[in-house]
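Colleague: Taken in sequence, the protein lines are chains A and B. The first sequence begins at 0 in numbering that gives the first Met the number 0 and counts up one residue at a time. The second sequence begins at 0 in numbering that gives the first Met the number 0 and counts up one residue at a time. For every residue, glycine included, the Cβ atom is placed at its ideal position computed from N, Cα and C. Handing you a structure now.
Protein chains: 2
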Amino acid sequence: MLVHNGYMKLLPVLEPAADEACCAPAGMPALGAEEAKQKALVFKALADPNRLRLLSIVKAEASGASCVCDLTGPLDLGQPTVSHHLKILVAAGLLHREKRGTWAYYSLVPGALEKTAGLLATL
Amino acid sequence: MLVHNGYMKLLPVLEPAADEACCAPAGMPALGAEEAKQKALVFKALADPNRLRLLSIVKAEASGASCVCDLTGPLDLGQPTVSHHLKILVAAGLLHREKRGTWAYYSLVPGALEKTAGLLATL
DNA sequence: CATCTATATTGATGATCGTCAATGTTGGTG
DNA sequence: CACCAACATTGACGATCATCAATATAGATG
Numbered sequence: 000m001l002v003h004n005g006y007m008k009l010l011p012v013l014e015p016a017a018d019e020a021c022c023a024p025a026g027m028p029a030l031g032a033e034e035a036k037q038k039a040l041v042f043k044a045l046a047d048p049n050r051l052r053l054l055s056i057v058k059a060e061a062s063g064a065s066c067v068c069d070l071t072g073p074l075d076l077g078q079p080t081v082s083h084h085l086k087i088l089v090a091a092g093l094l095h096r097e098k099r100g101t102w103a104y105y106s107l108v109p110g111a112l113e114k115t116a117g118l119l120a121t122l
Numbered sequence: 000m001l002v003h004n005g006y007m008k009l010l011p012v013l014e015p016a017a018d019e020a021c022c023a024p025a026g027m028p029a030l031g032a033e034e035a036k037q038k039a040l041v042f043k044a045l046a047d048p049n050r051l052r053l054l055s056i057v058k059a060e061a062s063g064a065s066c067v068c069d070l071t072g073p074l075d076l077g078q079p080t081v082s083h084h085l086k087i088l089v090a091a092g093l094l095h096r097e098k099r100g101t102w103a104y105y106s107l108v109p110g111a112l113e114k115t116a117g118l119l120a121t122l
């Protein structure tokens, strides 16, 4: 195995010779495959404009909870589509669902956004 | 009994019928469509396990920069696929690309991860 | 009971995505 | 010049996704 890190960061194109310079040993990937898959799930839930807007509306709601009909109007989407997005956000652990009578109320899971932000720090 | 919106923020106004129930706001979307689309682009770049691992490896590199061949090994992916992922991360403003000789070095854009974490706080 | 209302589920469809094999491009070297 | 190595781009293919129309469920009401 040949190593090249930790040394060449300052010198530009010197590297006079001989051995190939690049490509470290390919040791551990620093972030496990399974761990990465898990974290990607949360970001996947955030990777849609309409879901971000849903989160935003729920977060802005003073009462802390919004029913589906509160969310169907502002977005230009049908009700089944909104329900679908909400399900994804709940599965990602970002929203909490509570059924009260005929209505379903969605609220932010406390600390979920902060925890998600933390995922970036501990990459 | 439907207790619904609590006491509905003391909405004044005309409201023709006795129809109470849900769905009050329907006004501002709290997060603009265009803004949401922009933010979603960044999260979309993070919504793949292999891209997260790429970021992790680049971040862990002591020199601060990794060439493509450093990244092709640890992940179980072909070189064109890695190049493709790197391009997406660069387009999202997360990675910076610098060509030195034959090699291409990728490094974290300073503050990019923190800024992304901030997107969640200002939803 | 029958009915209305709020929400969830299903099925289908067009779009986007992740991946690879093949090829193109660029820079270094003999 | 010819050749090779590192990386990028293209094109194709299967998988996943976002969306809607239609339908189903479940609670409230008459």
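Buried or exposed, going by whether 16 or more other CB atoms sit within 10 Å of the CB of Glu97 (chain A)?
Modeller: Answer is exposed; the Cβ neighbour count stays below 16.
Colleague: Mind listing the chain A neighbours of Ser55 (chain B)? Cutoff is C-beta to C-beta under 8 angstroms, in chain order.
Modeller: Here the neighbours are Pro28, Ala29, Leu30, Ala35, Leu122.
Colleague: Check distances from the C-beta atoms of the region 76 to 105 of chain A to those of chain B and list, in chain order, the residues that come in under 7 angstroms.
Modeller: Against chain B - using a Cβ distance shorter than 7 angstroms - the residues of the region 76 to 105 of chain A are Gly100, Trp102.
Colleague: Taking just the CA atoms, how far does Gly117 (chain B) sit from Gly77 (chain B)?
Modeller: Gly77 (chain B) and Gly117 (chain B): Cα-Cα distance of roughly 33 angstroms.
Colleague: Pro109 (chain B) CB to nearest chain A CB: under 8 angstroms?
Modeller: No - not a single Cβ of chain A is within 8 angstroms of the one on Pro109 (chain B).
Colleague: Indicate the three-state DSSP secondary structure (helix, strand or coil) for Glu97 (chain A) in the structure shown.
Modeller: Residue state, collapsed to three classes: strand.
Colleague: For Ser65 (chain B) and Val57 (chain B), I'd like the C-alpha separation in whole angstroms.
Modeller: Cα-Cα distance, rounded: 6 angstroms.
Colleague: Any beta carbon from chain A within less than 8 angstroms of Ala25 (chain B)'s own beta carbon?
Modeller: Because Ala25 (chain B) carries a pLDDT of 46, less than 50, the predicted location of this residue cannot be relied on, and no value is offered for it.
Colleague: Could you check the C-alpha separation between Leu112 (chain B) and Thr80 (chain A) for me, to the nearest Å?
Modeller: When rounded, the distance between both Cα atoms is 31 angstroms.
Colleague: What is the residue span of the alpha helix (DSSP H) that Ser55 (chain B) lies within?
Modeller: First-last of the alpha helix (DSSP H) with Ser55 (chain B): 48 to 59.
Colleague: Could you compute how far the alpha carbon of Asp69 (chain B) sits from the alpha carbon of Gln37 (chain B)?
Modeller: The alpha-carbon atoms of Asp69 (chain B) and Gln37 (chain B) are separated by roughly 30 angstroms.
Colleague: Does the distance from the CB of Ala46 (chain B) to the CB of Ala46 (chain A) come in under 8 angstroms?
Modeller: Yes, Cβ-Cβ distance for Ala46 (chain B) and Ala46 (chain A) is below 8 angstroms.
Colleague: Here's the rule: buried if 16 or more other CB atoms are within 10 angstroms of the residue's CB, otherwise exposed. What is Ala25 (chain B)?
Modeller: Confidence at Ala25 (chain B) is low in this model, with a pLDDT of 46, below 50, so its placement is unreliable and the value that follows should be read with caution. Exposed, because fewer than 16 other Cβ atoms sit within 10 Å of the Cβ of Ala25 (chain B).
Colleague: When the Cα of Ser82 (chain A) is compared with those of A:Pro109, A:Ser55, A:Pro73, A:Val67, which residue comes out closest?
Modeller: Ranking the options by Cα distance to Ser82 (chain A), first place goes to A:Val67.
Colleague: Determine the direct distance from the alpha carbon of Thr101 (chain B) to that of Gly63 (chain A), and round the result to whole angstroms.
Modeller: Those two C-alpha atoms are separated by around 55 angstroms.
Colleague: Between B:Leu119, B:Lys114, B:Leu107, B:Thr115, which has its C-alpha nearest Ser55 (chain B)'s C-alpha?
Modeller: Among B:Leu119, B:Lys114, B:Leu107, B:Thr115, the Cα nearest to that of Ser55 (chain B) is on B:Leu107.
Colleague: Let me check understanding here. Comparing Cα to Cα, which of B:Ala32, B:Thr115, B:Asn49, B:Ala29 lies closest to Leu30 (chain A)?
Modeller: It is B:Asn49.
Colleague: Starting from the C-beta of Ala44 (chain A), find all residues in its chain whose C-beta is less than 8 angstroms away, skip the five residues before and the five after it, and write them out in chain order.
Modeller: Only Arg50, Ile87, Leu88, Ala90, Ala91, Leu93 meet the Cβ criterion.
Colleague: Roughly how many angstroms separate the alpha carbons of Phe42 (chain A) and Tyr105 (chain A), rounded to a whole number?
Modeller: Approximately 19 angstroms, taken between the alpha carbons.
Colleague: For a test of the three-state rule: what should DSSP assign to Leu131 (chain B), helix, strand or coil?
Modeller: This structure leaves residue 131 (chain B) out entirely; chain B is present only between 0 and 122.
Colleague: Once the 5 residues before and after Thr71 (chain B) are set aside, which same chain residues still bring their CB inside 6 angstroms of it?
Modeller: Around Thr71 (chain B): Gln78, Val81.
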